[in-house]
Structure formats: C-alpha cells, structure tokens
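Asker: Note that our numbering has the sequence shown beginning at 1057, numbered continuously upward.
Built from N, CA and C at the ideal position, the CB exists for glycine as well.
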Amino acid sequence: MSVKPKVFVTRRIPDAGLKLIQEATAAEVWTDQLPPPAAVLRQKVADCDGLVSLLTDTIDAGFLDKAPRLKVISNFAVGFNNIDVNACTERGVCVGNTPGVLTDATADMAFALLIAAARRIVEGHQYTLAGKWKTWEPLGHLGQDLAGRTLGVVGMGRIGYALAKRCRGGWDMQVLYHDVYRNEKAEQEFGAKHVDLDTLLRDSDFVSLHTDLNEKTRGLINAEQLRKMKKSAVLINTARGPLVDSKALAAALRDGTIFAAGLDVTDPEPIAAGDPLLKLPNVVIAPHIASATVETRDQMAEICARNLIAGLRGEPLPAWVNPAVGNKRRR
Ligand code: DGY
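#1: Could you check where the beta strand (DSSP E) with Ala1302 kicks off and where it finishes?
#2: Mind checking Arg1362: buried by the 16 CB within 10 Å criterion, or exposed?
#3: Does DSSP classify Tyr1237 as helix, strand or coil?
#4: Among Thr1322, Leu1319, Pro1332, which has the Cα closest to the Cα of Asp1311?
#5: Any residue with its Cβ nearer than 5 Å to a heavy atom of the ligand DGY should be included. What is that list in chain order?
#6: Suppose the cutoff is 7 Å on Cβ atoms and the five residues either side in sequence are ignored; what does the same chain contact list for Gly1148 look like?
#7: Is it true that the CB of Met1285 sits closer than 8 Å to the CB of Thr1154?
#8: Taking the CB atoms as reference points, tell me whether Leu1110 and Pro1091 lie closer together than 8 Å.
#9: Hey, is the segment 1126 to 1134 in contact with the segment 1098 to 1115, meaning 3+ C-beta pairs nearer than 8 Å?
#10: Quick one: what does DSSP say Val1321 is sitting in, helix, strand or coil?
#11: Could you tell me whether the segment 1230 to 1246 touches the segment 1316 to 1326, using the rule of 3 or more Cβ pairs below 8 Å?
#12: Tell whether a beta-carbon distance below 8 Å holds between Val1340 and Leu1169.
#13: Give me the residue from Leu1364, Cys1144, Cys1223 with the minimum Cα distance to Val1063.
#14: Do Asp1228 and Ala1248 count as a contact pair if the criterion is CB distance below 8 Å?
#15: Please classify Leu1074 as buried or exposed, where buried requires at least 16 other C-beta atoms within 10 Å of its C-beta.
#16: State the CB to CB distance for the pair Arg1353 and Pro1070, rounded to an integer number of angstroms; the pair is presumed to be in contact (CB under 8 Å).
#17: Would you give the residue range spanned by the alpha helix (DSSP H) that Cys1150 belongs to?
#18: Please check the pair Asp1323 and Gly1297, which I expect to be a contact at CB under 8 Å, by giving their CB distance rounded to whole angstroms.
#19: Which one of Gln1078, Lys1122, Tyr1237, Glu1325 has the shortest CA to CA distance from Gln1099?
#20: For Phe1262 versus Leu1207, is the C-beta distance shorter than 8 Å?
#21: Hey, how far is the Cα of Leu1253 from the Cα of Val1210?
#22: Is the beta carbon of Trp1376 closer than 8 Å to that of Gly1156?
#23: Tell me whether Phe1315 sits in a helix, a strand or coil according to DSSP, three-state version.
#24: If contacts are defined as beta-carbon pairs under 8 Å, then Glu1358 and Ala1161 qualify, I think. What distance do you get, rounded to the angstrom?
#25: With respect to the beta strand (DSSP E) encompassing Val1251, which residues constitute its N-terminal and C-terminal limits?
#26: Comparing alpha-carbon positions, which option in Thr1294, Gly1180, Thr1184, Pro1374 lies nearest Ala1342?
#27: Classify Pro1061: buried if its beta carbon has 16 or more other beta carbons within 10 angstroms, exposed otherwise.
#28: I'd like the list of long-range same chain contacts for Tyr1083, defined as Cβ closer than 6 Å, with 5 residues on each side in sequence excluded.
#29: Report back the beta-carbon spacing between Ala1163 and Ala1218 to the nearest angstrom; my notes put them in contact at under 8 Å.
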C-alpha cells in the first residue's frame, strides 16, 4: 500500500472539498476558529507535501525555505496576495486558487453594499432599533438614487463585469471602467466605456473596486483620489482593504468629500477596534463575507481540493496560478 501524501489544511473548509482531501491524502486539519500562528504553521508544514491555505496565511520565501517537500499550495480563495507566487515558482511549488465560482456571490455583495450605502439602510436599521423612529420624515434619511446613474468599475475582470451587468440590467446605469486590459465583452454588451482613473472618479456616482492587490494598486484610492469623486458618490470595496487608504477614507466620509462607502474588506482585517471608520454613520462594513454562500463555499472547497490533489500527483492544476513553474516543478 502506497503512503498517502502529507497535507496540512489551515482551517476547516466545507466537506464538499475536505472529504476529497481526506480520501486522497493524510491530512491534518487546523480546527480552531482563528488561523494557526505563523510559527505553528511553519512547524506543521515542515514535512508536508501539500498545503491548503487561506488568505489569512502568509506564505513567503522564508516560509517556503522551511518546507522543502512542499509541492503544492492550494489557496481557498480567488485572491492570492497572501502568497509570494514568484518565490513559489522559483522553488518549483505549484499554486492554485478558486476563480470563477465566487463571481456571482461577490458581485451580489458589491450590489448589496451599493444599495445599503446609497440608501442608508444600516443607519436606518440602527435608528429603528434605538427607538428613534417617531414619525415619517420628509427630510429624514435621504439617500441617492440608483436608476440611470453612472457606475465606475475599477478592474473589469469577472467580478467587475458581473456587477456592471447587474447595474446596467437592473438600473440602466452607464458603465465606465478602468483597467489595464480592454473588456470588449462589456463594451459590446452594455456599452461600457474604457476611461482613465481620473475620469472614472470624476464622472461616476458609484465607484466599485475589483482589482488585485499588488504594489501598484496598494493605496490606489487615497485622499487625492477621493477629492476627485463627486460629493454624492459612494465607494464600494469588495476586493482587498489595502487598495484604499482607510484613514483618508474616514476623513472623506466625515467631512462630506464623498457621500458613503460600503466595504466588505478593510485594512487591517479584522478592522481595529478604535478605527475611525467604526464611528461613522455613512459606512457599511461587512466582515469579508462576499463569497460566503453555502453553494459558493462548497464549490470553492471542491476546486481547492482538486488543485491540491492534481498538484500532489504531478498533474496540471485545474486553476493554476503559476503554470510558469514548468519543469522546475517538484515531483
Ligand atoms: C477571495 O476568494 O479572494 C475572497 O476575498 C474570499 O472569498
């Protein structure tokens, strides 16, 4: 009987994937609610062939150098900014992610945050809970209209496209987008216009971020960019917290530079207890739950398992972040 490859799974993931992993490998699963501390993770992975990581696990060169047997890292997320992919490629370690399956869930979340922030729904809910609802107020709780307005999508990939489709189809919005690549499908289907970032910020009523986090996009939306936006504008971020300078955002929300924000991601995560954003009525903050639907997480778990198993078998990963690893690949 051949020995099963040794794998560490940094958190319990849905059974749809976990069962596949447990059948094919000798897997240890970290079952705490919080991630394993960095030192513990290093020690656990030291003699592993495979790793299932989350976006809360930092994988860098130093980590990889302590894991000489590691062949594959399967990240339970579409984003992989927690992993130094170049360092993995140089060392022959395959990296997998979970694209595609969370597109609709994430676009739905962006859509939900957009309405919630524009129409002040959470603020209204808190007002109701606090017993402040005394009468119907002609001048109370005024938000922003959605129909016929302009959506600006920063990063017109799968998720940006799915949000734009909703906004165009549901509210007949004009769509502007900023991206290094043209998205001809979005241009043809709903007349999305490719513009520079300044134009997008200046002309959009709703600005939604869907770009990767990397050294070029970190702090992309800072005080200067916020000042270019309309006073009635709403900023939505379901991508990564550090795309936005959160101190500048808090100041812009406080002094009326922009109208509101809806965030599913913050910097840091979780948001610090004393963060100024927590004191503002015009921001809605969710705890990074855009992909959190039963069906989506099941599908993520399954792709994650298939990436891991393919990596261990020396096969192509179904969702392979670094096929450039080529012949260097550890077997
Ligand atoms: C991702 O997959 O990158 C999300 O941020 C979490 O689902």
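Answerer: According to the structure shown:
#1: Taking the first residue of the sequence shown as position 1, residue 1302 is located at position 246. According to the sequence displayed, residue 1302 carries Ser and not Ala. It is not in any beta strand (DSSP E) - Ser1302 instead sits in the alpha helix (DSSP H) that spans 1302 to 1310.
#2: Taking the first residue of the sequence shown as position 1, residue 1362 is located at position 306. When all chains shown are included, Arg1362 counts as buried.
#3: Counting from 1 along the sequence shown, the entry for residue 1237 is found at position 181. Coil, per DSSP.
#4: In the sequence shown, the residue the question calls residue 1311 occupies position 255. Of the candidates Thr1322, Leu1319, Pro1332, the one whose C-alpha sits nearest the C-alpha of Asp1311 is Pro1332.
#5: Ala1133, Val1134, Gly1135, Ser1347
#6: Taking the first residue of the sequence shown as 1, we reach residue 1148 at position 92. Excluding residues within five positions, the ones whose Cβ falls inside 7 Å are Val1381, Lys1384, Arg1385, Arg1386.
#7: For the purposes of this step, residue 1154 is taken as residue 98 along the sequence shown, with counting starting at 1. For the purposes of this step, residue 1285 is taken as residue 229 along the sequence shown, with counting starting at 1. Not a contact, by the Cβ cut-off of 8 Å.
#8: The count along the sequence shown starts at 1 and reaches residue 1110 at position 54. The count along the sequence shown starts at 1 and reaches residue 1091 at position 35. Cβ atoms of Leu1110 and Pro1091: closer than 8 Å.
#9: yes
#10: Counted from its first residue, the sequence shown places residue 1321 at position 265. Val1321 falls in the coil class under three-state DSSP.
#11: no
#12: Numbered from its first residue, the sequence shown carries residue 1340 at position 284. Numbered from its first residue, the sequence shown carries residue 1169 at position 113. In contact: Val1340 and Leu1169 (Cβ atoms closer than 8 Å).
#13: Position 7 of the sequence shown, counting from 1, holds the residue named residue 1063. Of the candidates Leu1364, Cys1144, Cys1223, the one whose C-alpha sits nearest the C-alpha of Val1063 is Leu1364.
#14: As a first step, residue 1248 is located in the sequence shown; it is residue number 192 there, counting from the start. As a first step, residue 1228 is located in the sequence shown; it is residue number 172 there, counting from the start. Result no, Cβ atoms of Ala1248 and Asp1228 do not sit closer than 8 Å.
#15: Along the sequence shown, one-based indexing puts residue 1074 at 18. The residue is buried, with at least 16 neighbouring Cβ atoms inside 10 Å.
#16: Mapped onto the sequence shown, residue 1353 falls at position 297. Mapped onto the sequence shown, residue 1070 falls at position 14. Correct: roughly 5 Å between the Cβ atoms.
#17: Position 94 of the sequence shown holds residue 1150. Segment 1150 to 1152 is the beta strand (DSSP E) holding Cys1150; no alpha helix (DSSP H) there.
#18: Against the sequence shown, residue 1323 aligns to sequence position 267. Against the sequence shown, residue 1297 aligns to sequence position 241. Their Cβ separation, rounded to whole angstroms, is 3 Å, which keeps Asp1323 and Gly1297 in contact under 8 Å.
#19: Taking the sequence shown and counting its residues from 1, the one referred to as residue 1099 is at position 43. Of the listed residues, the one whose Cα sits closest to Gln1099 is Lys1122.
#20: As a working note, residue 1262 is residue 206 in the sequence shown. As a working note, residue 1207 is residue 151 in the sequence shown. The answer is yes: Cβ separation under 8 Å.
#21: Mapped onto the sequence shown, residue 1253 falls at position 197. Mapped onto the sequence shown, residue 1210 falls at position 154. Going from the Cα of Leu1253 to the Cα of Val1210 covers about 8 Å.
#22: Position 100 of the sequence shown, counted from the start, is the residue given in the question as residue 1156. Position 320 of the sequence shown, counted from the start, is the residue given in the question as residue 1376. The answer is no: Cβ separation not under 8 Å.
#23: On the sequence shown, position 259 is the one that residue 1315 refers to. Three-state result, Phe1315: coil.
#24: On the sequence shown, position 302 is the one that residue 1358 refers to. On the sequence shown, position 105 is the one that residue 1161 refers to. Actually they are not in contact, since the Cβ atoms of Glu1358 and Ala1161 sit about 15 Å apart, beyond 8 Å.
#25: Numbered from 1 along the sequence shown, position 195 holds the residue referred to as residue 1251. Where Val1251 is concerned, there is no enclosing beta strand (DSSP E), given that its DSSP letter is neither H nor E.
#26: Taking the first residue of the sequence shown as position 1, residue 1342 is located at position 286. Of the listed residues, the one whose Cα sits closest to Ala1342 is Thr1294.
#27: The residue given as residue 1061 occupies position 5 in the sequence shown. Under this definition Pro1061 is a buried residue.
#28: For the purposes of this step, residue 1083 is taken as residue 27 along the sequence shown, with counting starting at 1. It is Ala, not Tyr, that sits at residue 1083 in the sequence shown. Excluding sequence neighbours, Ala1083 sits near Val1063, Val1065, Ile1077.
#29: What you label residue 1163 is simply residue 107 of the sequence shown in a count that begins at 1. What you label residue 1218 is simply residue 162 of the sequence shown in a count that begins at 1. Contact flag correct, Cβ pair sits at about 4 Å.
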